[in-house]
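K.L.:
Taking this note's numbering, the leading residue of the sequence shown gets 1016, the next gets one more, and so forth. C-beta atoms are modelled at their ideal positions from N, C-alpha and C, and glycine is treated no differently. Because the structure is a prediction, the values reported are computed rather than measured. Quick one: the structure is below, and I'll ask about it shortly.
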Amino acid sequence: RTLLPFFENFDHGQRAINIEELPRVVDANDIDGDGDSSELVPDYANFDSLTHRPDQVQRLRTALDSPGLPDFGNAQDTFVIIVGGVINPGIGFVPLGLNATDDGDADGKPDSVILRMAPPHSGLSQGEYAIIAVTFDPDELGADLQAGIDLPVNYSTATWRGRSIPTDLDLGGDFLDLPQSTWDGENRSFSTEAVEGADLFRVTFTGAEGSWEVWFDASEDGFDVPTPPEGFTDWSAGATIRVDAFHTTGDIGLDDVAAANGTSLDDISAVSDRFSRSVLAPQ
1016 RTLLPFFENF DHGQRAINIE ELPRVVDAND IDGDGDSSEL VPDYANFDSL THRPDQVQRL
1076 RTALDSPGLP DFGNAQDTFV IIVGGVINPG IGFVPLGLNA TDDGDADGKP DSVILRMAPP
1136 HSGLSQGEYA IIAVTFDPDE LGADLQAGID LPVNYSTATW RGRSIPTDLD LGGDFLDLPQ
1196 STWDGENRSF STEAVEGADL FRVTFTGAEG SWEVWFDASE DGFDVPTPPE GFTDWSAGAT
1256 IRVDAFHTTG DIGLDDVAAA NGTSLDDISA VSDRFSRSVL APQ
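Right, here's the structure in full:
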């Protein structure tokens, strides 16, 4: 978190690379040091020389107010990571700027922050601007030299999308609290507590061979999973269960996003501006 504000001083760059396969060559100099100089290795000497030095200054600035923080229990020093960028069809979200903020005055709302971004460049100008704010329990974040970085799997986000980037932006409201859910594998019953501000829930059971996805209205408190017919895999057995709560824009409900002429469930991000996620360990 201490380092994140220094990202404002960086330049930005991105470049599409088309890589053509080269025939392998004999490892005459034993470059991998395994004692075998007759094996075939990549032809490193003939790889194209590429320059990736960033050259786009982050000259766009947005004064940003984050939503109020969710309830992480007794977590201390909760902070919010802010990422600005563009969403391009066929590419997805491309970050153009990064910063972070925390609740310095302990009023439950993160302090305002200036987000600096590079302007869309190198083919990104056809996209739509997007800003994503992410917060999580800092106790879930860890790192060491042996195990690497432990990223949180439970988090809450708020998003904004638009055709132009404003100089001042208030994401408004509060982050959604994390869903508090239980799965009774013996009775094949899932239940969850209400999440204030949520309109929809999505529950994904992911097993070794596949997954099930269940959507339901946030006014409901759960569902029962039927037993699969004989010969079909029970993907709820030993599954990791991911629970997502969504706040949708424009009073969009389950019937709207599930209708044949409505917004596809795959495009839920286009009609929601806040969501939170919690993960239950394999059951």
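For S1293 and T1248, I'd like the C-alpha separation in whole angstroms.
P.N.:
Rounded to the nearest angstrom, the two C-alpha atoms are 25 Å apart.
K.L.:
Would you be able to state if there are at least three C-beta pairs under 8 Å between the region 1052 to 1069 and the region 1107 to 1122?
P.N.:
Touching, no, given that fewer than three Cβ pairs across the two stretches are closer than 8 Å.
K.L.:
Run the CB neighbour count on H1067, radius 10 Å, all protein chains shown included, and call it buried at 16 or more, exposed below.
P.N.:
Its Cβ having fewer than 16 others within 10 Å, H1067 is exposed.
K.L.:
Would W1250 pass as a contact of W1227 if the rule is Cβ separation under 7 Å?
P.N.:
It is a contact, given that the beta carbons lie within the stated cut-off.
K.L.:
Please report the residue range of the beta strand (DSSP E) in which A1254 lies.
P.N.:
First-last for A1254: undefined, no H or E at that position.
K.L.:
Are the beta-carbon atoms belonging to A1145 and G1107 less than 7 Å from one another?
P.N.:
Contact: no.
K.L.:
Hey, would you say Q1073 sits closer than 7 Å to G1112, going by beta carbons?
P.N.:
For Q1073 and G1112, yes; Cβs fall inside 7 Å.
K.L.:
Give me the DSSP bridge partner(s) of S1315.
P.N.:
For residue 1315 there is no data in the structure shown, the boundaries of the chain being 1016 and 1298.
K.L.:
Between P1085 and V1109, what straight-line distance do the alpha-carbon atoms span, to the nearest angstrom?
P.N.:
P1085 and V1109: Cα-Cα distance of roughly 26 Å.
K.L.:
Is P1110 helix, strand or coil by DSSP?
P.N.:
Strand at P1110.
K.L.:
Can you give the Cα-Cα distance for E1054 and V1041, rounded to whole angstroms?
P.N.:
Cα to Cα, E1054 sits roughly 6 Å from V1041.
K.L.:
Going by beta-carbon coordinates alone, are L1075 and I1147 separated by less than 7 Å?
P.N.:
Not in contact: L1075 and I1147 (Cβ atoms no closer than 7 Å).
K.L.:
Measuring CB to CB, does A1115 end up less than 7 Å from I1096?
P.N.:
It is a contact, given that the beta carbons lie within the stated cut-off.
K.L.:
Suppose the cutoff is 8 Å on Cβ atoms and the five residues either side in sequence are ignored; what does the same chain contact list for T1242 look like?
P.N.:
The residues are R1203 and D1249.
K.L.:
So, with DSSP's three-state summary, where would you put V1041?
P.N.:
Residue state, collapsed to three classes: strand.
K.L.:
Identify whether E1023 lies in helix, strand or coil by the three-state DSSP scheme.
P.N.:
Correct three-state label for E1023: helix.
K.L.:
Looking at the unbroken beta strand (DSSP E) that takes in L1184, where does it start and where does it end?
P.N.:
Start and end: D1183 to D1185.
K.L.:
Looking only at C-alpha atoms, which of V1056, M1132, D1049 and D1288 sits nearest to R1176?
P.N.:
When only C-alpha atoms are compared, the closest one is D1288.
K.L.:
Do F1205 and G1237 count as a contact pair if the criterion is CB distance below 7 Å?
P.N.:
Cβ atoms of G1237 and F1205: closer than 7 Å.
K.L.:
Hey, R1178 and E1023: beta-carbon distance below 7 Å or not?
P.N.:
Against a cut-off of 7 Å, the Cβ pair of E1023 and R1178 comes out as no contact.
K.L.:
Just mark I1256 as buried or exposed, buried being the case when its beta carbon has 16 or more other beta carbons within 10 Å.
P.N.:
Classification of I1256: buried, given that the 10 Å Cβ count is 16 or more.
K.L.:
Which residue from S1234, D1080, S1052 and D1152 puts its Cα closest to that of D1092?
P.N.:
Among S1234, D1080, S1052 and D1152, the Cα nearest to that of D1092 belongs to D1152.
K.L.:
At the level of alpha carbons, what is the spacing between D1259 and S1137?
P.N.:
So the two alpha carbons sit approximately 34 Å from each other.
K.L.:
Taking Cβ positions, are P1297 and D1189 nearer each other than 7 Å?
P.N.:
Not in contact: P1297 and D1189 (Cβ atoms no closer than 7 Å).
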